[in-house]
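Numbering of the sequence shown is given in the UniProt record's numbering, commencing with residue 1 and proceeding in unit increments. Written below as structure tokens is the structure these notes are about.
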Amino acid sequence: MDAFIAAIPDRSMRLHTTHSYQFLGLEQGRGLWHASNLESDVIISVMDTGIWPEHPSFQDHGFGPAPARWKGTCESGYEASYGRVNETQNYKSPRAASGHGTHCASTTGGNLEQNASFYGLASGVAAGMRYTSRITVYKVCWEEPDSCQSCDIVVAIDQAIKDGVDVVSISLGGGQANPYSEDIIVQAAFRGIQRGIFFSFSTGNDGPRINTVDNTAPWIMTVAASYIDRSFPAIVKLGNGQIFEGISLYSGKSLMLCLVT
Numbered sequence: 001m002d003a004f005i006a007a008i009p010d011r012s013m014r015l016h017t018t019h020s021y022q023f024l025g026l027e028q029g030r031g032l033w034h035a036s037n038l039e040s041d042v043i044i045s046v047m048d049t050g051i052w053p054e055h056p057s058f059q060d061h062g063f064g065p066a067p068a069r070w071k072g073t074c075e076s077g078y079e080a081s082y083g084r085v086n087e088t089q090n091y092k093s094p095r096a097a098s099g100h101g102t103h104c105a106s107t108t109g110g111n112l113e114q115n116a117s118f119y120g121l122a123s124g125v126a127a128g129m130r131y132t133s134r135i136t137v138y139k140v141c142w143e144e145p146d147s148c149q150s151c152d153i154v155v156a157i158d159q160a161i162k163d164g165v166d167v168v169s170i171s172l173g174g175g176q177a178n179p180y181s182e183d184i185i186v187q188a189a190f191r192g193i194q195r196g197i198f199f200s201f202s203t204g205n206d207g208p209r210i211n212t213v214d215n216t217a218p219w220i221m222t223v224a225a226s227y228i229d230r231s232f233p234a235i236v237k238l239g240n241g242q243i244f245e246g247i248s249l250y251s252g253k254s255l256m257l258c259l260v261t
């Protein structure tokens, strides 16, 4: 067949807090968070389950128009095309049914959100690592059984390159590292690297078996999971006087749920 290079099987990829910036030692007005390093025209592309744009982390107060180099368009009017939104099904739009994409987008570039907490616990300021950035979201993941297909991710990367993004963040993986010649996602990332786009991938949550680290190509930054430097101790005292100490994010009084682990 003329112009045929290769056929590579499609793969299903899997989806891989208020304290992260403090854990990393970031402080407002200093270092990476100094005003000179917080240019607001950096465009970060998040490829995931979509986004819930009304979330407080995505308030755009104080932001001007998008940079002139931005060539993308925002998807709107999808209800007119596809019918009214059915919140019990996958949204036929960039809106997220799963919270994974919204979480990743807010961690990457969410604006400063004061008094954030988890049901009153761990209160503080929630902030994306680059909270002055512009966020563009490409929905590449859907509810089961469709999941996150590698071919969709490649299309999103190619579109992001055309749209003029500066950074691509992808927290997805296939569970193991494939040869680069068979990994169409890192091949697409290489096309972006050649155009000056920075790519950040997650390594996944598998292990400690061998060959369980995802996204290992040398032209991308691969970020591993790590332990955070805090816990939420809780004490349960039973009627017989026994005391159990553990970790809990539950602050209610119902005994129908596990209180401490």
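The C-beta atom is built at its ideal place from N, Cα and C for all residues, glycine as well.
Item	Value
Through-space distance from residue 128 to residue 112, alpha-carbon basis	7 Å
Alpha carbon of residue 15 to alpha carbon of residue 161, nearest angstrom	22 Å
Anticipated Cβ contact below 8 Å, residue 165 with residue 45, distance rounded	4 Å
Rounded Cβ spacing between residue 204 and residue 173 (contact assumed at less than 8 Å)	4 Å
Nearest-angstrom Cα separation, counted from residue 247 out to residue 69	48 Å
Exposure label - residue 74; buried when at least 16 CB within 10 Å	exposed
Contacting residues, own chain, Cβ-Cβ under 8 Å from residue 192 (five flanking each side not counted)	157, 160, 161, 168, 199
Identity of the residues DSSP links to residue 58 by a beta bridge	DSSP, once it has assigned bridges, lists no residue as partnering residue 58.
Supposed close pair residue 48, residue 151 - CB separation, criterion 8 Å	Not confirmed; about 16 Å, so no contact.
Beta carbon proximity, residue 173 to chain D, threshold 8 Å	In the displayed structure, chain D is absent; only one protein chain is listed.
Same chain, Cβ closer than 8 Å to residue 147, neighbours up to 5 away in sequence not counted	12, 13, 14, 141
Test item: CB-CB of residue 228 and residue 23 under 8 Å	yes
Residue 4, buried or exposed, once every other Cβ within 10 Å from all chains shown has been counted against 16	exposed
Same chain, Cβ closer than 6 Å to residue 189, neighbours up to 5 away in sequence not counted	199, 220
Classification of residue 50 by the beta-carbon crowding that lies within 10 angstroms, buried from 16 upward	buried
C-alpha distance - residue 34 paired with residue 91, whole-angstrom precision	39 Å
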